[in-house]
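Undergrad:
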Amino acid sequence: MAEITVKRDFEGMKIERFIKRIYPDLPMSLIYKLIRKGKVRVNKKQVKHNFTIKGGDIIILHFPPDMLNKEPIEEVHPRYILTEEEIIFENDEFIAINKPPELAVHGGEGHKEDVLLLAIKKYLKFDESDLRFPPTPVHRLDIDTSGILIFAKNYDFLRIFNELQRNQAIHKEYLALVGGEVKKKQFTVESPVIRRDRPEGLSTGKTGKTIVKLISASDKFATESTIFSLLSVVIKTGRTHQIRSHLMQSGLPILGDKLYGDRGINRWAYKKFNLRRQFLHSAIMRFIINGKEYEIKAPLYQDLRQVLSALDMDFSI
13 MAEITVKRDF
23 EGMKIERFIK
33 RIYPDLPMSL
43 IYKLIRKGKV
53 RVNKKQVKHN
63 FTIKGGDIII
73 LHFPPDMLNK
83 EPIEEVHPRY
93 ILTEEEIIFE
103 NDEFIAINKP
113 PELAVHGGEG
123 HKEDVLLLAI
133 KKYLKFDESD
143 LRFPPTPVHR
153 LDIDTSGILI
163 FAKNYDFLRI
173 FNELQRNQAI
183 HKEYLALVGG
193 EVKKKQFTVE
203 SPVIRRDRPE
213 GLSTGKTGKT
223 IVKLISASDK
233 FATESTIFSL
243 LSVVIKTGRT
253 HQIRSHLMQS
263 GLPILGDKLY
273 GDRGINRWAY
283 KKFNLRRQFL
293 HSAIMRFIIN
303 GKEYEIKAPL
313 YQDLRQVLSA
323 LDMDFSI
């Protein structure tokens, strides 16, 4: 048996999800079964699986001892510890970092370690045994995309942010450097997202909406390669690979993009600028939560700044 007092961070969460948070190895089917059989009680009362918990609730779990064993949080990978420069905003609700490239938000996609998540937990001195709400990413960035990444500190912020995303009420602005001349200063792409990362090859996903604005262009190396254009890209939907796919479909491949880019231009950029990843950066995010307006900005990393400098493009966030 285990007795847990719910902390305010979890207020508003369903009991089934709360148990899954604490015991992530338990299948949801088993959690439903245990709740249905009365093995979970809140304030001494039997509850249903969709019961909403609040701060101060006392939860009793009548689970077998082997189910209550918890593994301690693993150590942060030595190659990544959060620095003060990477933390661009923090309050009681969330923390925003300027994600470096080549680091995965979650394990998977060939990356076994949740490097960033572990680093955030270490920075926040989060201990699994405290039964606090664990810091949780509210959105994702591709491994080679840098920029703003937000982690919720409590369930209420996570819930509200997710609702804002569903309602397209969050301004997400990226910077992308592409190969090719942009004919219009502003245009919108609204089409299915073509994916190149599937085993079966090209596949068509859901429709996404991408608004593209030209910031500047450089023909400095046009005779060697092509004209390069720096773009501001605002996404109204959050499909996987949306920006990369939509720009590829528009004949404007992102520089350094190994999946959707132009191989010839990428090879040239690697030799000329030593650019080892895609030039895509989450630069600005704006949203309103509980009546307060937030504007988060993330400066470009050095590897991208030096490319712009070589192209005689003067730009700062």
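Taking this note's numbering, the leading residue of the sequence shown gets 13, the next gets one more, and so forth.
The beta carbon of each residue, even a glycine, is placed where N, CA and C say it ideally should be.
#1: Give the list of continuous beta strand (DSSP E) stretches no shorter than 3 residues that lie fully inside the stretch 202-257.
#2: How would you label Q198, buried or exposed, when you count the other beta carbons within 10 angstroms and need 16 or more for buried?
#3: Should S294 go down as buried or exposed, given a rule of 16 or more other Cβ atoms within 10 Å for buried?
#4: Taking I329 as part of the alpha helix (DSSP H), name the residues at either end of that continuous run.
#5: Under the rule that 16 or more other beta-carbon atoms within 10 Å means buried, what is D139, buried or exposed?
#6: Could you give the distance in angstroms between the alpha-carbon of A229 and the alpha-carbon of F173?
#7: What distance in whole Å lies between the Cβ atoms of K309 and I329, which are believed to be in contact at a cut-off of 8 Å?
#8: Among K196, P39, D231, T216, which one has its Cα closest to the Cα of K225?
#9: Take the Cβ of Q290 as the centre, count every other Cβ of all protein chains shown within 10 Å, and call the residue buried at 16 or more, exposed below.
#10: Between the Cα of G250 and the Cα atoms of A234, K218, G273, which residue gives the shortest distance?
#11: Specify the secondary structure class of I71 as computed by DSSP and reduced to three states.
#12: Which residues share a DSSP beta bridge with H293?
#13: Measure the beta-carbon distance from P204 to S158 and round it to whole angstroms, keeping in mind my assumption that it falls under 8 Å.
#14: Using 8 Å as the threshold, is the stretch 146-153 in touch with the stretch 162-169, meaning 3 or more CB pairs across them?
#15: Using a Cβ-Cβ cut-off of 7 Å (strictly less than) and excluding sequence neighbours within five positions of A188, which residues of its own chain qualify?
#16: Over the uninterrupted beta strand (DSSP E) stretch that includes E97, give me the two end residues.
#17: Is Q180 helix, strand or coil when you go by DSSP?
#18: Which residues in the same chain as K26 place their Cβ atom closer than 8 Å to its Cβ, once the five residues preceding and following it in sequence are excluded?
#19: Compute the Euclidean distance between the alpha carbons of A131 and P76, then round it to the nearest angstrom.
#20: Determine the burial state of H253: buried for a count of at least 16 other Cβ atoms within 10 Å of its Cβ, exposed for fewer.
#21: So who's on the other strand from P39, going by DSSP bridges?
#22: Do we get a CB-CB distance below 9 Å when we pair S158 with the residues of chain D?
#23: Between which two residues does the beta strand (DSSP E) harbouring N110 extend?
#24: What separation, rounded to the nearest whole angstrom, lies between the Cα atoms of I182 and D78?
#25: Since Y21 and Y167 should fall inside the 8 Å C-beta cutoff, what is the C-beta to C-beta distance between them, to a whole number of angstroms?
#26: Distance, Cα to Cα, L176 vs A234?
#27: Between H151, L136, I296, G263, which has its C-alpha nearest G192's C-alpha?
#28: Only counting the same chain, and skipping five residues up and downstream in sequence, which positions put a Cβ closer than 6 Å to that of K19?
#29: Within the same chain, show all residues whose beta-carbon is closer than 6 Å to that of P311, passing over the 5 residues directly before and after it, in chain order.
#30: Looking only at its own chain, which residues have a Cβ that is under 7 Å from the Cβ of F106, when we skip the five neighbours before and after it?
#31: Measure from the alpha carbon of A108 to the alpha carbon of each residue in R298, S321, K49, then state which is nearest.
TA: Once the coordinates are examined:
#1: 213-230, 240-247
#2: By one-based count along the sequence shown, residue 198 stands at place 186. Classification of Q198: exposed, given that the 10 Å Cβ count is below 16.
#3: Looking up residue 294 in the sequence shown gives position 282. With 16 or more Cβ atoms within 10 Å of its Cβ, S294 is classed as buried.
#4: The count along the sequence shown starts at 1 and reaches residue 329 at position 317. No alpha helix (DSSP H) contains I329, which DSSP labels as neither H nor E.
#5: Indexing the sequence shown from 1 puts residue 139 at position 127. Flag for D139 reads exposed.
#6: Translated into the one-based positions of the sequence shown, residue 229 becomes position 217. Translated into the one-based positions of the sequence shown, residue 173 becomes position 161. If I take the Cα positions, the gap works out to 35 Å.
#7: Locating residue 329 in the sequence shown gives position 317, counting from the first residue. Locating residue 309 in the sequence shown gives position 297, counting from the first residue. Between K309 and I329 the Cβ distance is about 5 Å, and since that is below 8 Å, they are a contact.
#8: Counting from 1 along the sequence shown, the entry for residue 225 is found at position 213. The shortest Cα separation from K225 among K196, P39, D231, T216 belongs to K196.
#9: Against the sequence shown, residue 290 aligns to sequence position 278. Flag for Q290 reads buried.
#10: In the sequence shown, residue 250 corresponds to position 238, counting from 1. Ranking A234, K218, G273 by Cα distance to G250 puts K218 first.
#11: The count along the sequence shown starts at 1 and reaches residue 71 at position 59. Strand at I71.
#12: Position 281 of the sequence shown holds residue 293. DSSP output for H293 lists S158, L187 as bridge partner(s).
#13: Locating residue 204 in the sequence shown gives position 192, counting from the first residue. Locating residue 158 in the sequence shown gives position 146, counting from the first residue. Between S158 and P204 the Cβ distance is about 27 Å, and since that is not below 8 Å, they are no contact.
#14: yes
#15: Locating residue 188 in the sequence shown gives position 176, counting from the first residue. Same-chain partners within the cutoff: L243, V245, I255, L259, I266, F291, L292.
#16: Locating residue 97 in the sequence shown gives position 85, where the first residue counts as 1. Run containing E97: none; DSSP gives neither H nor E here.
#17: Translated into positions along the sequence shown, residue 180 becomes position 168. Three-state result, Q180: coil.
#18: The residue you call residue 26 lines up with position 14 of the sequence shown. Around K26: H61, N62, F63, T64, I65.
#19: Position 119 of the sequence shown, counted from the start, is the residue given in the question as residue 131. Position 64 of the sequence shown, counted from the start, is the residue given in the question as residue 76. Their backbone Cα atoms lie some 32 Å apart in a straight line.
#20: Start at 1 with the first residue of the sequence shown, and residue 253 comes out as number 241. That one is buried.
#21: Within the sequence shown, residue 39 is the residue found at index 27, counting from 1. Answer is none; P39 lacks a bridge partner.
#22: As a matter of chain content, chain D is missing from the structure shown, which is built from one protein chain.
#23: By one-based count along the sequence shown, residue 110 stands at place 98. That run of the beta strand (DSSP E) goes 106-111.
#24: Walking along the sequence shown from the start, residue 182 turns up at place 170. Walking along the sequence shown from the start, residue 78 turns up at place 66. If I take the Cα positions, the gap works out to 43 Å.
#25: On the sequence shown, residue 21 is found 9 positions in, with the first residue counted as 1. On the sequence shown, residue 167 is found 155 positions in, with the first residue counted as 1. According to the sequence provided, residue 21 is Asp. The question's Tyr does not apply to it. At roughly 6 Å, the Cβ-Cβ gap stays under 8 Å, so D21 and Y167 are in contact.
#26: Taking the first residue of the sequence shown as 1, we reach residue 176 at position 164. Taking the first residue of the sequence shown as 1, we reach residue 234 at position 222. Their backbone Cα atoms lie some 42 Å apart in a straight line.
#27: Translated into the one-based positions of the sequence shown, residue 192 becomes position 180. Here the closest residue by C-alpha is G263.
#28: Taking the sequence shown and counting its residues from 1, one reaches residue 19 at position 7. Excluding sequence neighbours, K19 sits near R144.
#29: Translated into positions along the sequence shown, residue 311 becomes position 299. Excluding residues within five positions, the ones whose Cβ falls inside 6 Å are I329.
#30: Taking the first residue of the sequence shown as 1, we reach residue 106 at position 94. Same-chain partners within the cutoff: I162, F163, A164, K165, F169.
#31: For the purposes of this step, residue 108 is taken as residue 96 along the sequence shown, with counting starting at 1. That would be R298, whose Cα lies nearest to the Cα of A108.
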